[in-house]
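Working notes for the structure below.
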Ligand SMILES: C[S@@+](CC[C@H](N)C(=O)[O-])C[C@H]1O[C@@H](n2cnc3c(N)ncnc32)[C@H](O)[C@@H]1O
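Numbering (our numbering), first residue to last: 642 to 972.
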């Protein structure tokens with residue numbers, strides 16, 4: 642994948658200081674020496690994996706400039722891609738090299754076309770369903786590409802690239818509408834995003850503590866800005882391995898069902914296992930899922946009592962209680 646293009650773009654390992662904006666925890670970056678490389682990555686699990694591989698890893702490069710080379714990897718969102726490129730340009734030392742790399746499915750061809758409107762491209766390589774190129778005039782990146790914030794609902798702000806940045810997700814809205822009037826005292830929202838669903842949970846009587854668990858650092862920072870409630874606790878973490886010292890009596894979630902571009906119901910199944918591990922036996926899970934996703938079997942493996950609360954032809958709202966009872970019975 643990307644490593645095949647990196648090998649073409651960097652026949653010799655780069656020297657000086659290198660900034661990589663956006664990297665997957667498992668990708669081959671062996672062309673870059675960890676001693677000279679800083680990686681900015683906001684997804685908690687990729688961040689931790691890169692760090693464990695010996696790379697210095699931050700969520701923002703603020704205060705770290707200048708760099709001799711910056712490699713921007715393309716995210717799926719066009720606004721987020723522009724913001725990354727503007728950030729990369731701002732981090733460069735005079736005369737430094739700004740590289741953009743991405744898959745065709747993430748829009749590399751159209752962003753390179755857009756870049757050609759203000760800068761030349763050199764060292765262009767096409768390989769492995771993607772492209773990498775260097776901007777000849779990184780100083781010409783439009784100032785307007787930085788930033789990219791939205792107001793998806795009254796009182797809420799989000800940033801480019803976070804899930805459902807420009808509007809409330811209809812699945813979360815369906816789940817919020819199906820919740821009972823009174824909610825348990827201690828609740829976890831797994832995959833809390835920029836906090837809209839959590840904010841709705843906090844309007845219900847009964848809630849004493851709400852844990853927002855989110856892997857995307859930018860989304861969690863938006864949630865912090867959106868929710869000024871002392872009952873909220875914010876956790877930048879991978880929900881699949883999230884633990885709390887004490888069990889809770891409610892989990893409410895709209896789990897992700899994509900890992901990158903491909904639909905991956907395994908991700909939602911892992912969220913269900915975490916939910917079961919966090920709940921008391923009498924605690925309850927509420928979740929929304931796209932109707933076609935087969936979560937019932939995983940729910941039945943971890944909960945004694947599973948039912949559908951409602952939904953429509955797009956979504957189903959599922960609820961489950963009796964976490965751990967199945968395992969206890971089969972022992
Ligand atoms: C379908 S969205 C729901 C967002 C939010 N609850 C809402 O109402 O808008 C799923 C969220 O899970 C987050 N996510 C994806 N993988 C994750 C993981 N491994 N651990 C925690 N959160 C994750 C995504 O960044 C996204 O914000």
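Every residue, glycine too, gets a C-beta built ideally from N, C-alpha and C.
Between the CA atoms of residue j and residue i - distance to the nearest angstrom
i           : j           : result
residue 705 : residue 681 : 11 Å
residue 921 : residue 871 : 24 Å
residue 819 : residue 941 : 21 Å
residue 773 : residue 763 : 10 Å
residue 695 : residue 878 : 20 Å
residue 849 : residue 756 : 50 Å
residue 971 : residue 929 : Note on residue 971: pLDDT 48, under 50, position unreliable in the model; no value is reported.
residue 945 : residue 880 : 22 Å
residue 686 : residue 666 : 7 Å
residue 656 : residue 905 : 38 Å
Beta-carbon gap between residue i and residue j smaller than 8 Å
i           : j           : result
residue 873 : residue 835 : no
residue 710 : residue 659 : yes
residue 832 : residue 912 : yes
residue 683 : residue 852 : no
residue 909 : residue 828 : no
residue 733 : residue 783 : no
residue 898 : residue 931 : yes
residue 837 : residue 875 : no
residue 718 : residue 787 : no
CB-CB length for residue i against residue j, believed under 8 Å
i           : j           : result
residue 803 : residue 863 : 6 Å
Buried versus exposed call for residue i [16 or more other C-beta atoms within 10 Å across all chains shown]
i           : result
residue 771 : buried
residue 790 : exposed
residue 761 : exposed
residue 996 : Residue 996 is absent from the structure shown; the chain starts at 642 and stops at 972.
residue 775 : buried
residue 697 : exposed
residue 702 : buried
residue 729 : buried
residue 855 : buried
residue 933 : exposed
residue 939 : buried
residue 671 : exposed
What residue ranges within the region 884-945 form continuous beta strand (DSSP E) runs of no fewer than 3 residues, ordered along the chain? With a minimum length of 3 residues, the continuous beta strand (DSSP E) runs that stay inside the region 884-945 are 889-894, 920-931.
Let me know the beta strand (DSSP E) ranges lying completely inside the region 724-763, each 3 residues or longer, listed in chain order. Complete beta strand (DSSP E) runs here, min 3: 733-744.
Report the residue ranges of all alpha helix (DSSP H) runs contained in full by the region 648-726; include only those spanning at least 4 residues, in chain order. DSSP assignment within the region 648-726 yields the following whole alpha helix (DSSP H) runs of 4 residues or more, N-terminal first: 685-693.
Segments assigned alpha helix (DSSP H), at least 4 residues, entirely inside the region 761-830: You should have 811-819.
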